[in-house]
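Structure first, commentary second.
Protein chains in written order, with our numbering: chain A, -4 to 312; chain B, -4 to 312.
Take a look at the structure:
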């Protein structure tokens, strides 16, 4: 049985790129064999440095990601890239032109690049991405870059589940206060002001440092780095230094362990809630419709409706 | 009992602003008396035109909202404004300077303005906002503007639960393709290119129209309007016209009914999932921690962990 779960997992572990691509499709689609394959994959799939890259559109996330791929390849490390797209009808393909920036790495067998959507996956992209990371770890990639394309909360959440998260900003367009308002500063382990050859880069960096200084941190916690870069010219030295420092910090007692445990808890919750949501919206769909009609009419309040829905006969299956 | 649930509901219905503010705090905090108060409030609270205003930071959402308040007040309609903030440690107060743009309306008794956070509310902001809308409807506001401050998915979801959603863009900074990538175009009933005195406004509008033309729509569905505005100078005529047209369309057979039924279904699901999440993360917290440790160690896969969590003894209560 060339396509049995056991076989695909063995081929992924052997570093077979086609099997890896196939298993990633299973992850995206929430394919029937997925749970079994992931179960077979569960043990011994650790060790990669997972780096999230997030930020508003247009700040240069893809360019920075591509430059980081180049740097890690020069160090001889195998690199996986996941480009996570919001599930939008508009993002189905034509708009993924950013992938072009990755093309210089597309023929390098030490680099695996994949765009990810979450259609069909229980728990959405928040659950699909950690699975995809597991697959790439099992396939032997040492560094996994998770670039998020959108700026939705789910994309920010995805980036934040990485071992190290880079929040990319640009002077002028996504200044510090706007980033803070969008809630993305706080997820950053490294805050990178890209396009720093433009006016206002230093003042944006200063603004961010000031905002970060107002955030209380516990003893021993990572202190976020604020760095400048011009990724389009390969000027990413300070980003790489910050990542190296972060990798050293993660290697210290329990930091990586705690981070991964927390990531696992979020992953489990996302899958569990996805299952419950599907049950409530699909299996109990008629019940939900009836309750919604009563709430819309004003004859029932939504709290009572939620209780009735959860108490319904179908909610366990 | 001056503060009993029945009393606060009666005072809200009488248009008492202090009681309204108080009940909105209950909504934000998920206060103990909330379910009972909302139950008392459930009947006969319809009729307002609920308008969502969303878009990337810096496009001028607050300025447009404020201009719309002015326009509806000139027509003699009572207006409620909910400014929904992402739950970020940075957005606790100092960054809410945008509210300043609303100050011209702050002394008008026909206008009620409120910033909303979701701390403590089961189901988060996605569940809290529809409740807050119900409260303002009961208090007799004819138009309710829901402005989202962040660009997270939850903020987009919130705006999309309105009767009519305006997606605000600005030429140059949030051009059409970027908006499409962020997944916000598809939630817009009206797409407003604000700051249209700047270069590129017409081409941004054209780009959006082109992208919208690629989206299949069913017969009788609303066809999104793309309009230009300079909200800072009060030049919002085309936005108002589009809103009037939309209000007429909603008044037609079943459109508003269907939209509100769908909104009620989302609201019920959000509350129900919030309850389940709280049970799983809190009541079953020890179980989740233990499962997360095994997943992080690689001795258990997250799907099996999710099933074990849902099968756990605590998940029903």
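Beta carbons: idealized from backbone N, C-alpha and C, even for Gly.
The residues 19, 22, 77, 111, in chain order, have a CB closer than 7 angstroms to that of residue 127(A) in the same chain once the five nearest residues on each side in sequence are set aside.
When DSSP reads this structure, residue 79(A) sits in a beta bridge with 111(A), 143(A). In the three-state scheme derived from DSSP, where H, G and I count as helix and E and B as strand, residue 188(A) is classed as strand.
For residue 123(A) and residue 43(A), the gap between their C-alpha atoms comes out near 18 angstroms. Cβ contact annotation for residue 142(B) (same chain, cutoff 6 angstroms, sequence separation greater than five): 48, 56, 60, 78, in chain order. A Cβ-Cβ contact shorter than 8 angstroms links residue 291(A) with residue 256(B). Linking residue 217(A) to residue 201(A) through their CA atoms gives a straight-line distance of about 19 angstroms.
Residues of the segment 288 to 308 of chain A that bring their beta carbon within less than 7 angstroms of a beta carbon in chain B comprise 288, 290, 291, 293, 294, 295, 296, 297, 298, 299, 300, 301, 304, 305, in sequence order.
Interface residue (Cβ-Cβ distance to chain A less than 8 angstroms): residue 266(B) is classified as such.
Of the residues 268(B), 186(B), 251(B), the one whose Cα lies closest to the Cα of residue 297(A) is 268(B).
Excluding residues up to 5 positions away in sequence, 188, 190, 191, 193, 194, 195, 196, 198, 199 lie with their Cβ nearer than 8 angstroms to the Cβ of residue 166(B) in the same chain. Around residue 128(B), no beta-carbon contact reaches into chain A at under 8 angstroms, the shortest distance being about 11 angstroms. Annotation: Cβ neighbours of residue 270(A) in chain B (cutoff 7 angstroms, chain order): 301, 305.
Its Cα nearest to that of residue 206(B), the residue 180(B) stands out among 226(B), 180(B), 303(B), 185(B). Contacts with chain A (Cβ-Cβ distance below 7 angstroms) from the segment 2 to 27 of chain B involve no residue at all.
Under the Cβ criterion of 8 angstroms, residue 249(B) is not counted among the residues facing chain A. By the rule that beta-carbons nearer than 8 angstroms mark a contact, residue 33(B) touches chain A. Assignment of residue 7(A) by DSSP, reduced to helix, strand and coil, places it in the helix class. In terms of CA proximity to residue 261(A), 285(B) leads the group 247(B), 251(B), 285(B). Straight-line spacing of the CA atoms in residue 266(A) and residue 277(B) works out to 17 angstroms. Burial state of residue 280(A) is exposed, judged by a 10 Å Cβ sphere holding fewer than 16 other Cβ atoms. Close partners of residue 263(B) in chain A (Cβ separation under 7 angstroms): 283, 286, 287, 290, 297, 300, 301, 304. Around the beta carbon of residue 25(A), 16 or more other beta carbons sit within 10 angstroms, so the residue counts as buried. Residues of chain B with a Cβ closer than 8 angstroms to the Cβ of residue 275(A) are, in chain order, 264, 267, 268. Residues of chain B whose Cβ lies closer than 7 angstroms to the Cβ of residue 256(A) are, in chain order, 287, 288, 291. Just measuring C-alpha positions, the residue of 299(A), 254(A), 283(A) sitting nearest residue 288(B) is 254(A). Cβ-Cβ distances below 7 angstroms link residue 138(B) to 43, 44, 46, 67, 72, 74 in the same chain, with the five nearest sequence neighbours on each side left out; the list follows chain order. Residues of chain B whose Cβ lies closer than 8 angstroms to the Cβ of residue 196(A) do not exist; the shortest such Cβ separation is about 17 angstroms.
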